[in-house]
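A.B. asks: In full-length UniProt numbering, the protein residues as written are 1 to 97.
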């Protein structure tokens with residue numbers, strides 16, 4: 001069974017957008033656990049207090065650092081929302097999903 005569809009993507013001379021700033025990524029699991037990647041590709045488990053403290057430290061040094069939440073597709077909206085609240089408390093002005 002072949003489920004793929006062949007498509008021709010448009011071509012462009014535009015270059016991909018790049019940034020020198022490594023993003024901070026907060027992963028939220030279905031059961032509400034957090035994993036934090038501060039931009040080095042290494043994710044570590046953290047609790048809510050550690051998440052706030054570590055992200056706040058990054059924001060003090062680099063207030064323009066991009067911050068993203070990666071939520072498990074089975075995670076409830078409330079679990080992801082709680083992560084957003086923690087990031088706001090840590091001084092993050094804008095969060096990407």
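Backbone N, C-alpha and C fix where the C-beta goes; we use that ideal spot for every residue, glycine too.
Note that the coordinates shown come from a computational prediction; the quantities given were computed from them, not determined experimentally.
1) Given residue 89, which residues of its chain have a CB within under 6 Å of its CB, disregarding the five upstream and five downstream residues?
2) Given that a residue counts as buried once 16 or more other Cβ atoms are within 10 Å of its Cβ, and exposed if not, what is residue 83?
3) Which residue from 63, 76, 24 puts its Cα closest to that of residue 44?
4) Residue 33 to residue 47, Cα distance in whole Å?
5) Consult DSSP for residue 50 and reduce its assignment to one of helix, strand or coil.
6) Counting C-beta neighbours from all protein chains within 10 Å, is the total for residue 17 16 or more, i.e. buried, or is it exposed?
7) What does a CB cutoff of less than 7 Å around residue 99 pick up in its chain, not counting 5 residues either side in sequence?
8) Straight-line CA distance for residue 73 to residue 12?
C.D. replies: This is what the structure holds:
1) Counting from 1 along the chain shown, the entry for residue 89 is found at position 89. Close CB contacts of residue 89 within its chain, under the 6 Å cut and outside five residues either way in sequence, are with 52 (chain order).
2) Your numbering for residue 83 matches position 83 in the chain shown. Around the beta carbon of residue 83, 16 or more other beta carbons sit within 10 angstroms, so the residue counts as buried.
3) For this step, residue 44 is matched to residue 44 along the chain shown. For residue 44, the nearest C-alpha among the options comes from 24.
4) In the chain shown, counting from the first residue as 1, residue 33 sits at position 33. In the chain shown, counting from the first residue as 1, residue 47 sits at position 47. Looking at the two C-alpha atoms, the distance is approximately 7 Å.
5) Reading the chain shown from its first residue, position 50 is the one you call residue 50. DSSP, read as helix, strand or coil, puts residue 50 in helix.
6) Here the question's residue 17 lines up with position 17 in the chain shown. Only weak support exists for where residue 17 lies, its pLDDT of 45 falling under 50; the value from the coordinates is given anyway. With a threshold of 16 other beta carbon atoms within 10 Å, residue 17 falls short and is exposed.
7) The chain is shown from 1 up to 97; residue 99 falls before or after that span and cannot be answered.
8) In the chain shown, counting from the first residue as 1, residue 73 sits at position 73. In the chain shown, counting from the first residue as 1, residue 12 sits at position 12. Rounded to whole angstroms, the separation of the alpha carbons of residue 12 and residue 73 is 32 Å.
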